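Chemist: For the sequence shown, the numbering used here assigns the number 5 to the initial residue and increments by one for each residue that follows.
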Amino acid sequence: MPADSFDAIIIGAGQAGTPLAYALAAAGRRVAMVESDYLGGSCINYGCAPTKALLASAQRAHHVRTAGELGIKAPEPEVDFQAVIERMHRLRQNSRDSLHRKLTEDRDGITLIRGRAQFTAPHSLRIALVGGGEQQLTAPLIFINTGTRAAVPDIEGLADSGYLTSDSLLLGLTEQPEHLLIMGGSYIGVEFSQMFRRLGTRVTVVDTKPRLMAREDPDVSHPLEELLTASGVELVLGAETHRVARAADGRITLTVDTKDGERRLSGSHLLVAVGREPNTQHLGLEHTGITLNKKGYIEVNEHLQTSTRGVYALGDVKGGPQFTHISYDDYRIVRDALLHSGQRTTAHRPLPYVVFTEPQLGRIGLSKNQAKEQGIAYRVSRLPARTIGRAVQTGETDGFVEVLVGEDDRLLGAAVLCEQGGEIMTMFQLAMAGRLRYQELENMILAHPTWAEVLNNAFQRLKPGE
5 MPADSFDAII IGAGQAGTPL AYALAAAGRR VAMVESDYLG GSCINYGCAP TKALLASAQR
65 AHHVRTAGEL GIKAPEPEVD FQAVIERMHR LRQNSRDSLH RKLTEDRDGI TLIRGRAQFT
125 APHSLRIALV GGGEQQLTAP LIFINTGTRA AVPDIEGLAD SGYLTSDSLL LGLTEQPEHL
185 LIMGGSYIGV EFSQMFRRLG TRVTVVDTKP RLMAREDPDV SHPLEELLTA SGVELVLGAE
245 THRVARAADG RITLTVDTKD GERRLSGSHL LVAVGREPNT QHLGLEHTGI TLNKKGYIEV
305 NEHLQTSTRG VYALGDVKGG PQFTHISYDD YRIVRDALLH SGQRTTAHRP LPYVVFTEPQ
365 LGRIGLSKNQ AKEQGIAYRV SRLPARTIGR AVQTGETDGF VEVLVGEDDR LLGAAVLCEQ
425 GGEIMTMFQL AMAGRLRYQE LENMILAHPT WAEVLNNAFQ RLKPGE
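Structure, rendered in structure tokens:
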């Protein structure tokens, strides 16, 4: 079978591959976009978009439930779980349909091929087409954007338990869990725990680490633990799950070892949220010179080039921070290198992220632990949210704003756990990008009363880091 020749082949219609297809096609390149599953990658299908749609419903229920604190009498909200899920599906399908139009109708030069790609040589692919048949493709430029899938630990009984992952839950859940067990206390587990608790589900989070989100500084994760516990989420930390069983009535029991001995935790549903692993095992990489790290992620240099000339890896499949905005920046790096003689690289790029609990946790730059590990001198100021005027007026007084300042008076990092935490963190990121000294923020005229005024006040408690 003769191969169809293109200028570029992109494997995976995720948040790096799709805009790259647009840019290359606009520059006159013939592009093949190969996708075996839903368009849009994890963000649209299993990540950002569907989870934030559910979070919006959960937050609205919480606001109704707590309206009395602001003098508004309201009955206990009645959650129509089916309507909540249908809204999420509708928004997600709208995004998929929009992507399909852009790839097949709105832009010339892009051929969408539905199938699973496998290398047969460094620049040749065999596509097992959806619906049957094969197609051979070849191109001098190939971009791997195949993403990740939910990791599932090897635990006795888990495979037969009917467990959910964040992927399968967001695609197929139709009934509201009565009691959701969540295995994993990192970012996904934390967001899902608060979300389902606010929708009326009992929630238990089990994690092997002694605290939630163990990568964060303890004085960042502990306040979030307190918030979740106060909302009714049960936390079982420092616990190793060694058996999962499903009873005849469908209930799931986890047998866990804790510092206080063995415990059995029973629930109606189990969500496994212990991390992600790369989609590299069926790509036929043995027919290329591409190397993988010990976790199976594709190794790339700072230009996102693999060890095979002309083949790049973008997004989560290359390892490192797994965020949509990082994937999109991968696209920018490759776009600028190929089309604009640009010199962007992955080196030293900022890593902002937000955990979409309520209040949100926004993080940018160095944490205190990271500064200590790197031997960087710093001063730190921690401002309780209850001291922010806007927080008092709105009743959103949980959390804090913490900033780190270097010896040159410029920001090293910020952790913002409060209402609008992601937006406030972004303002600190802009100040860092502009290399502003903290005194410039302290003396900046900012509209009153806004959340942005925290930039005036965040540095008033500066003291040397310990």
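From the three backbone atoms N, C-alpha and C, an ideal C-beta is built for every residue, glycine too. Quantities reported herein were computed from a predicted structural model and do not represent experimental measurements.
Report back the beta-carbon spacing between Gly18 and Ser331 to the nearest angstrom; my notes put them in contact at under 8 angstroms.
Modeler: About 6 angstroms separates the two Cβ atoms, so the contact holds.
Chemist: Closest to Thr108 by CA distance: which of Tyr26, Lys376, Leu241 is it?
Modeler: Nearest C-alpha to Thr108: Tyr26.
Chemist: Do Thr349 and Ile368 have their beta-carbon atoms positioned less than 8 angstroms apart in this structure?
Modeler: Not a contact, by the Cβ cut-off of 8 angstroms.
Chemist: May I have the straight-line CA-CA distance separating Asn461 from Pro468, to the nearest angstrom?
Modeler: If I take the Cα positions, the gap works out to 17 angstroms.
Chemist: Grab me the residues of Val35's own chain with a C-beta within less than 8 angstroms of its C-beta, minus the 5 sequence neighbours each way, in chain order.
Modeler: Closer than 8 angstroms at Cβ, skipping near neighbours: Phe10, Asp11, Ala12, Ile13, Ile14, Ala25, Leu28, Ala29, Gly113, Ile114, Thr115.
Chemist: So which of Gly44, Leu274, Thr284 has the shortest CA-CA distance to Leu173?
Modeler: Comparing Cα-Cα distances from Leu173 to each of Gly44, Leu274, Thr284, the minimum goes to Leu274.
Chemist: Comparing alpha-carbon positions, which option in Arg465, Thr398, His452, Met37 lies nearest Thr70?
Modeler: Among Arg465, Thr398, His452, Met37, the Cα nearest to that of Thr70 belongs to Thr398.
Chemist: Closer than 6 angstroms by C-beta to Ala121: which residues in its own chain qualify, once you throw out the five before and the five after it? Chain order, please.
Modeler: Around Ala121: Ile15, Val38, Leu129, Ile131.
Chemist: Is it right to say Asp84 is buried, meaning 16 or more other beta carbons lie within 10 angstroms of its own, or is it exposed?
Modeler: Asp84 should be labelled exposed.
Chemist: Under 8 angstroms: do the segment 246-254 and the segment 405-417 share three or more Cβ pairs, one atom per stretch?
Modeler: Touching, no.
Chemist: If we count Cβ pairs, one from each stretch, closer than 8 angstroms, do we get three or more for the segment 206-218 versus the segment 390-407?
Modeler: The answer is no - the segment 390-407 does not touch the segment 206-218, with fewer than three Cβ pairs under 8 angstroms.
Chemist: Report the residue from Gly32, Thr205, Gly119, Phe123 whose alpha carbon sits nearest the alpha carbon of Gly137.
Modeler: Checked all of Gly32, Thr205, Gly119, Phe123; the closest Cα to Gly137 is Gly119.
Chemist: Looking at Leu168: is its Cβ nearer than 8 angstroms to the Cβ of Leu162?
Modeler: Taking 8 angstroms as the Cβ cut-off, Leu168 and Leu162 do not qualify as a contacting pair.
Chemist: Any contact between the segment 442-454 and the segment 422-429? By contact I mean 3 or more CB pairs, one from each, below 8 angstroms.
Modeler: With a cut-off of 8 angstroms, the segment 422-429 and the segment 442-454 do not count as touching, because too few Cβ pairs lie within range.
Chemist: If we count Cβ pairs, one from each stretch, closer than 8 angstroms, do we get three or more for the segment 60-70 versus the segment 41-49?
Modeler: No: fewer than three Cβ pairs fall under 8 angstroms.
Chemist: Which runs of the alpha helix (DSSP H) at least 4 residues long sit entirely within the segment 326-353? Give them in chain order.
Modeler: Runs of the alpha helix (DSSP H) inside the segment 326-353: 328-343.
Chemist: Going by DSSP in three states, Gln139 sits in which element: helix, strand or coil?
Modeler: Three-state result, Gln139: strand.
Chemist: How many angstroms separate the CA atom of His183 from the CA atom of Lys372?
Modeler: Looking at the two C-alpha atoms, the distance is approximately 36 angstroms.
Chemist: Roughly how many angstroms separate the alpha carbons of Pro363 and Phe404, rounded to a whole number?
Modeler: Cα-Cα distance, rounded: 10 angstroms.
Chemist: Taking DSSP as the reference, what is the three-state secondary structure of Met196?
Modeler: Reading off the sequence shown, one finds Phe at residue 196, where the question assumed Met. If DSSP states are grouped into helix, strand and coil, Phe196 belongs with the helices.
Chemist: Fully enclosed by the segment 411-449, which beta strand (DSSP E) runs are 3 residues long or longer?
Modeler: Whole beta strand (DSSP E) segments, 3+ residues: 415-422.
Chemist: State the Cα-Cα distance for the pair Ala57 and Pro6, rounded to the nearest angstrom.
Modeler: Going from the Cα of Ala57 to the Cα of Pro6 covers about 45 angstroms.
Chemist: Does the separation of the CB atoms of Pro54 and Met92 fall below 8 angstroms?
Modeler: Cβ atoms of Pro54 and Met92: closer than 8 angstroms.
Chemist: Applying the 10 Å Cβ sphere with the 16-neighbour rule, what's the burial state of Ile148?
Modeler: The residue is buried, with at least 16 neighbouring Cβ atoms inside 10 Å.
Chemist: Report the option in Ile294, Ser102, Leu133 whose CA atom is closest to the CA atom of Ile117.
Modeler: Checked all of Ile294, Ser102, Leu133; the closest Cα to Ile117 is Leu133.
Chemist: Contact between the segment 190-198 and the segment 277-287: three or more CB pairs below 8 angstroms?
Modeler: Touching, per the Cβ criterion.
Chemist: Give, in chain order, every unbroken run of the beta strand (DSSP E) that is at least 3 residues long and sits entirely within the segment 290-323.
Modeler: As far as the segment 290-323 is concerned, its whole beta strand (DSSP E) runs of at least 3 residues are 315-317.
Chemist: So which of Arg353, Ala87, Ile186, Leu343 has the shortest CA-CA distance to Glu179?
Modeler: Of the listed residues, the one whose Cα sits closest to Glu179 is Ala87.
Chemist: Buried or exposed, going by whether 16 or more other CB atoms sit within 10 Å of the CB of Ile3?
Modeler: What is shown of the chain runs 5 to 470, which leaves residue 3 out entirely.
Chemist: So within the segment 244-294, which uninterrupted alpha helix (DSSP H) runs reach at least 4 residues, ignoring any that extend past its ends?
Modeler: With a minimum length of 4 residues, no continuous alpha helix (DSSP H) run stays inside the segment 244-294.
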